[in-house]
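I have placed the structure first, in the form of structure tokens, so that the comments after it can refer back to it.
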Amino acid sequence: MTSAGSTHDPGFEHSTALAQPILVAAAEPVKIAQGGEVRVGTASWTDPTMTAKGVFYPEGASTAEERLRYYATRFPVVEVDATYYALPREQQSKLWVERTPDGFVMDVKAHALMTGQPSEVKRLPKEIREALPEQLKEKTRIYGKDLPKELYDDVWEAFKRGVEPLREASKLGAIFLQFPRWVFPSNEARERILDAASRLGDMQLTVEFRHGSWFNEKNAERTLRFLSDNKIPYVIVDEPQGLKSSVPPVAAVTSPELAVFRFHGRRADLWEKSNIPPNERFRYLYDEDELADWAPRVAEALKQYQL
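In terms of this note's numbering, the sequence shown is residues 107 to 413.
Take a look at the structure:
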């Protein structure tokens with residue numbers, strides 16, 4: 107674990123001081139050629155590293171409503187991470203709409219069952235829990251593949267209903283489909299992605315892979331061609347390298363509509379470990395040289411977009 111006071115985890119006070127001048131610059135989308143724009147935001151507005159006293163939120167901003175309202179004055183986009191653990195509810199989405207200004211965008215992470223990852227049974231909606239086969243009701247966690255087809259369909263429909271208020275208010279960004287490390291390149295995996303696109307209809311989706319085999323010498327070209335042919339945006343990542351699951355920093359634009367960059371940090375010692383809280387796994391402050399390395403990649407992505 108990186109110790110407080112180190113280069114990449116300098117502690118709350120130093121991080122806060124570094125962040126202050128950036129907040130003003132990031133508050134509005136940056137306009138680019140051909141009507142496009144660049145938005146900068148964070149993954150969640152309730153991460154413990156942000157809610158710690160004196161780091162990001164002002165004194166008195168202690169409720170979910172107060173924090174979202176404040177966040178939306180500092181960034182034009184946010185990633186909703188909670189929807190990975192529990193299906194979104196319409197009422198919650200309506201509150202998000204009310205608490206954010208016009209033009210604000212919320213990217214929403216797909217629920218675990220939608221991408222082949224396990225979900226806690228107790229966190230599923232009551233109507234889905236009650237409809238589970240008896241042998242699944244007894245389990246602590248289940249996978250989408252365990253569900254009868256009609257229940258699996260219900261999960262997708264519940265997700266779509268849950269984010270519909272965001273879509274109606276023009277505040278729904280992309281649906282992030284983050285596939286786990288055990289999803290490798292295969293016809294089955296590609297069909298799963300196309301199935302997701304079909305189910306989401308006119309909702310924009312993006313795809314992030316968590317295993318490097320999608321971009322090895324054998325599969326890289328096919329992966330990008332598949333995404334490009336189907337106009338599915340690929341989530342470009344910066345993450346720890348040198349591990350079995352490491353995805354390389356490939357700055358490829360596979361859709362004319364959207365390109366997404368996600369900076370996960372470089373904590374290689376925690377990246378593949380289980381039972382690590384997200385705020386620890388991703389707790390990493392990039393230095394200027396590391397970010398400068400990305401400048402030509404971002405420029406290349408912009409060039410691809412303009413073509």
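Where a beta carbon is used, it is the ideal one built from N, C-alpha and C, also for glycine.
If you're wondering where the values come from, they're calculated on a predicted model, not measured in any experiment.
Rounding to the nearest angstrom, what Cα-Cα distance links residue i and residue j in this structure?
i    : j    : result
S109 : E345 : Below a pLDDT of 50, predicted positions are generally treated as unreliable, and S109, at 41, falls in that range; the measurement from the model is reported next regardless. If I take the Cα positions, the gap works out to 19 angstroms.
A167 : P154 : 14 angstroms
M156 : Y163 : 7 angstroms
R372 : M309 : 31 angstroms
P224 : E143 : 35 angstroms
V343 : E274 : 29 angstroms
V203 : E323 : 44 angstroms
R387 : L376 : 6 angstroms
L330 : E165 : 46 angstroms
T152 : A170 : 8 angstroms
E396 : E233 : 47 angstroms
Q410 : N385 : 33 angstroms
G222 : V289 : 8 angstroms
P291 : K159 : 44 angstroms
V136 : G147 : 12 angstroms
R235 : N293 : 31 angstroms
E172 : I382 : 28 angstroms
Do residue j and residue i count as a contact pair if the criterion is CB distance below 8 angstroms?
i    : j    : result
G348 : A326 : no
L300 : V261 : no
P355 : R403 : yes
L272 : S199 : yes
R205 : L174 : yes
F321 : R296 : no
A303 : N336 : yes
For residue i, which residues of its own chain have a beta-carbon under 6 angstroms away from its beta-carbon, when the five flanking residues on both sides are left out?
i    : result
V214 : V186, T189, V269 and I281
Y258 : G250
E406 : A357
T312 : A280, F282, P339, V341 and V366
A133 : R180
F369 : D344
V359 : A365, A407, Q410 and Y411
Excluding five sequence neighbours on each side, which residues of the same chain lie with their C-beta closer than 7 angstroms to the C-beta of residue i?
i    : result
E226 : T246 and R247
P231 : L193 and A264
L408 : I138
F315 : F285 and V353
F210 : A178, P182 and K277
G318 : S351, S352, V353 and P354
In the DSSP assignment, what residue or residues form a beta bridge with residue i?
i    : result
A139 : According to DSSP, which records beta bridges pairwise, A139 is partnered with nothing at all.
F367 : I342
L408 : DSSP lists no partner for L408.
L311 : I281
V186 : V214
V356 : Paired residues: none, contrary to the question.
T148 : V184
Considering only heavy atoms of the ligand GTP, does any lie closer than 7 angstroms to the CB of residue i?
i    : result
R175 : Summarising the ligand content, the structure contains no ligands, and the ligand GTP is consequently not present.
Tell me which residues share the same chain as residue i and place their Cβ nearer than 8 angstroms to its Cβ, disregarding the 5 neighbours each side in the sequence.
i    : result
E378 : R287, L349, K350 and S351
L242 : V227, I248, D252 and L253
R267 : E196
D399 : none
Ranges of the alpha helix (DSSP H) found wholly within the stretch 225–308, counting only runs of at least 4 = Within the stretch 225–308, the complete alpha helix (DSSP H) runs of at least 4 residues are 232–237, 240–243, 255–274 and 293–306.
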